[in-house]
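Colleague: Quick mapping for you: the protein sequence lines, in order, are chains G and S. To convert a position in the first sequence, counted from 1, into my numbering, add 4. To convert a position in the second sequence, counted from 1, into my numbering, add 292. Ideal Cβ placement from N, Cα and C applies to all residues, glycine included.
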Amino acid sequence: MSAPVDEPTNERLIQSTLAGDDEAFAELVRRHKRKVFGIASRFAHNHHELDDICQEIFVKVYQKLKSFRGEAPFDHWVARVAVRCCYDSLRKGQRDRQNVPLDRIDIGVVDNVNPARAAEVLHWAMAGLSADERLVITLLELEEKPVREVADLTGWSESNVKVRAHRARNALKKILEKSHER
Amino acid sequence: MNDEQLNGFFKAARSAKPDTAPAEYGFETRLLARLRTERELSVAWPAIAWRLVPAFVAVVAAIGVWIIATSSMNSTDLRSAIAGDEGEPTLVTYFTGD
């Protein structure tokens with residue numbers, strides 16, 4: 005009976021990719037795409053847009069692979085690239101406010117609201133925030149990442165993250181209140 | 293709207309995890325195809341640029357020849373005008389005001 009073949013480590017796959025092995029990079033993508041899709045899906049409107057953002061992320065990973073020094077785990081490094089790409093796409097203003105009718109949402113009984121509908125309304129309301137505010141709310145409140153990790157992913161200081169989160173929450177409340185008054 | 297209501301929105305939105313499976317299907321294949329295309333393009337551009345060098349040199353040479361030819365034609369016209377009798381009556385008219 006043959007011995008089980010050991011799976012190559014990330015470091016080994018990185019070395020092979022840098023040596024020109026595309027299959028090694030495909031394996032790296034296979035290992036980390038779930039996490040990247042998870043992050044990017046909070047920023048994309050549809051599957052097509054999600055595919056575009058994720059491709060952009062992995063193209064960046066491929067281009068910057070030489071600069072990975074192994075100081076942090078590879079999946080952290082990929083997550084940082086992913087967050088940076090999502091932030092860039094937000095800043096480019098690719099996302100427009102969608103025409104979601106809000107008249108049937110009752111803010112007072114939001115706990116009973118269909119989760120998909122709540123996500124839709126939140127997505128709509130968040131389009132009114134700045135890129136910074138939207139990023140911080142997504143990572144803190146939707147992805148439930150701790151402040152320290154958000155600071156690490158975004159490159160902002162922890163106090164900066166807290167200040168931006170506070171402002172974002174207030175802005176979001178105002179947007180939702182306004183839409184409810186309509 | 294208070295914090296509790298906003299947190300209710302976040303909680304509901306969190307539980308609606310987007311299904312990314314359709315976008316993940318065949319993702320590596322599409323990505324590698326894109327990387328290969330970008331690589332080919334980045335290799336092809338310098339080659340195309342080198343192929344254009346002779347044409348560029350020919351255009352520059354043609355422009356140079358044209359500039360030299362037109363400037364020598366102009367100077368010949370001037371000399372012939374001075375050498376001929378046309379210059380003198382013009383000068384007399386100018387100085388006398390007739």
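1. With a threshold of 8 Å on Cβ separation, who are the neighbours of residue 166(G) within its own chain once the five nearest residues in sequence on each side are excluded?
2. If we define contact as Cβ-Cβ less than 8 Å, is residue 362(S) a contact residue for chain G?
3. Taking the CB atoms as reference points, tell me whether residue 175(G) and residue 144(G) lie closer together than 8 Å.
4. Kindly list the residues whose CB is nearer than 8 Å to the CB of residue 22(G), restricted to its own chain and excluding five residues on each side of it in sequence; keep chain order.
5. Give me the chain S residues within the contact set of residue 54(G), using Cβ-Cβ distance strictly less than 7 Å, ordered along the chain.
6. Under 8 Å, do residue 177(G) and residue 327(S) count as touching if we go by C-beta distance?
7. Report back the beta-carbon spacing between residue 44(G) and residue 86(G) to the nearest angstrom; my notes put them in contact at under 8 Å.
8. Give the residues of chain G in contact with residue 334(S), contact being defined as C-beta atoms less than 9 Å apart.
9. Listed in chain order, which residues of the region 131-153 of chain G have Cβ atoms closer than 8 Å to some Cβ of chain S?
10. Less than 8 Å separating the beta-carbons of residue 57(G) and residue 93(G)?
11. Where does residue 306(S) fall in DSSP's three states?
12. Step through the CB atoms of chain S and report whether any lies within less than 8 Å of the CB of residue 173(G).
13. Taking the Cβ atom as the reference point for each residue, do residue 135(G) and residue 91(G) lie within a distance shorter than 8 Å?
14. Quick check: the Cα distance between residue 343(S) and residue 355(S), rounded to an integer number of angstroms?
15. Which class does residue 96(G) belong to by DSSP, given the choice of helix, strand or coil?
Modeller: Quick look at the numbers:
1. Here residue 166(G) has 151 as same chain residues with Cβ atoms under 8 Å from its own Cβ, once five neighbours each way along the sequence are excluded.
2. False, the Cβ-Cβ gap to chain G never drops below 8 Å.
3. Against a cut-off of 8 Å, the Cβ pair of residue 144(G) and residue 175(G) comes out as no contact.
4. Cβ neighbours of residue 22(G) within its own chain (closer than 8 Å, five residues either side excluded): 69 and 70.
5. In chain order: 312 and 315.
6. 8 Å or more divides the Cβ of residue 177(G) from the Cβ of residue 327(S).
7. Here residue 44(G) really is in contact with residue 86(G); their C-beta atoms are around 6 Å apart, less than 8 Å.
8. Near residue 334(S) there are no residues of chain G at all, since even the closest Cβ is about 11 Å away, more than 9 Å.
9. Close to chain S, meaning a Cβ-Cβ distance shorter than 8 Å, are the following residues of the region 131-153 of chain G: 145, 146 and 148.
10. Yes, the Cβ-Cβ distance between residue 57(G) and residue 93(G) is below 8 Å.
11. Note: residue 306(S) maps to helix in three-state DSSP.
12. Using a Cβ-Cβ cut-off of 8 Å, residue 173(G) counts as an interface residue toward chain S, since at least one Cβ of chain S sits closer than that to its own.
13. Taking 8 Å as the Cβ cut-off, residue 135(G) and residue 91(G) qualify as a contacting pair.
14. Going by the C-alpha atoms only, they are around 20 Å apart.
15. Three-state result, residue 96(G): coil.
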